[in-house]
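Chemist: This is the structure I have questions about; it appears just below.
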Ligand code: HPA
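If you want it as structure tokens, here you go:
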């Protein structure tokens, strides 16, 4: 089984010494620039920074189809997707690492399917994340001594602007615990492509209207940097714990 880690905003220092391994263009276009290959805990991993490297693609401009097809064509069968999110629910405080178990999609106008006029695809998406992969990620956090929130509803918004307080209120009423801009259509495309896919989300700010203090980009960046170090520990434990293939 070949693995990929799809990274969000913020670099993954773990991949700093990976060898460049650009994913070639495919019929959906150009995968994000900056893909590289290396080993984590002895296992071959492709790292794909979904916003490109240097980071330049806003969430609505990421070519999710080219990225997912590029990984599939490279032989990848399992994807751990990293993303930063805003926290909505009481458990999703700033700094928390979450392995969500559900999604609500509020994005629009994105190329969101591999289905074509002559190729209907009705995939089962009741459980949007691979259950076994989720369990392995949660267990890995435990082995690494990291607190993790097991489950939560990820609400995917269009961006690139942040939400209004009223939009977040509505998302809370809908049952969302987290808000981010990149989870969809990536997760659905991975399902259509037959890849095992799960997310590790890092809460970097309280969602709009949920904080007493004003929005603080420097604080968000500091939380993201600290969180990425913990997520790297989680990834190492995850890849160490994989048996076979
Ligand atoms: N909203 C949407 N996406 C995000 C947020 C947020 O508050 N924080 C990080 N990504």
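Numbering (the numbering used here), first residue to last: 3 to 247. Don't be surprised by glycine CBs; every beta carbon is placed ideally from N, CA and C. From a predicted model like this one, the values you see are computed outputs, not experimental measurements.
#1: Going by beta-carbon coordinates alone, are residue 209 and residue 105 separated by less than 8 Å?
#2: What's the call for residue 247, buried or exposed, on a 16-neighbour Cβ count within 10 Å?
#3: Could you please give me the residues that DSSP links to residue 201 through a beta bridge?
#4: Looking at residue 169 and ligand 1, is the gap between the Cβ and the nearest heavy atom below 7 Å?
#5: At a threshold of 7 Å, does residue 65 count as lining ligand 1 (C-beta to nearest heavy atom)?
#6: Please go through the same chain and pick out, in chain order, the residues whose beta-carbon is closer than 7 Å to the beta-carbon of residue 90, but skip the five residues on each side of it.
#7: CB-CB under 7 Å to residue 22, same chain, minus the five flanking residues each way: which ones, in chain order?
#8: On the three-pair Cβ rule with 8 Å, is the segment 190-210 touching the segment 224-242?
#9: So if DSSP puts residue 208 in a beta bridge, which residue, or which two residues, is it bridged to?
#10: Name the one or two DSSP bridge partners that residue 28 has.
#11: What are the partner residues of residue 49, as DSSP defines its beta bridges?
Modeler: In short:
#1: Position 207 of the chain shown, counted from the start, is the residue given in the question as residue 209. Position 103 of the chain shown, counted from the start, is the residue given in the question as residue 105. Their beta carbons are not under 8 Å apart, which means residue 209 does not touch residue 105 by this criterion.
#2: Within the chain shown, residue 247 is the residue found at index 245, counting from 1. A caution first: residue 247 carries a pLDDT of 46, below 50, which makes its placement in the model too unreliable to give a value.
#3: In the chain shown, residue 201 corresponds to position 199, counting from 1. According to DSSP, residue 201 bridges with 83.
#4: As a first step, residue 169 must be located in the chain shown, where it is residue number 167. It does not: the Cβ of residue 169 is nowhere closer than 7 Å to a heavy atom of ligand 1.
#5: Your numbering for residue 65 matches position 63 in the chain shown. Flag unset: Cβ of residue 65 not near ligand 1.
#6: For this step, residue 90 is matched to residue 88 along the chain shown. Only 170, 173, 174, 178, 179, 180, 181, 209 and 212 meet the Cβ criterion.
#7: Position 20 of the chain shown, counted from the first residue, corresponds to residue 22. Only 38 meet the Cβ criterion.
#8: yes
#9: Here residue 208 refers to the residue found at position 206 when the chain shown is read from its first residue. In the DSSP secondary-structure assignment, residue 208 is bridged to 89.
#10: Locating residue 28 in the chain shown gives position 26, where the first residue counts as 1. 31, per the DSSP bridge assignment.
#11: Counting from 1 along the chain shown, the entry for residue 49 is found at position 47. The secondary-structure analysis by DSSP pairs residue 49 across a beta bridge with 7 and 38.
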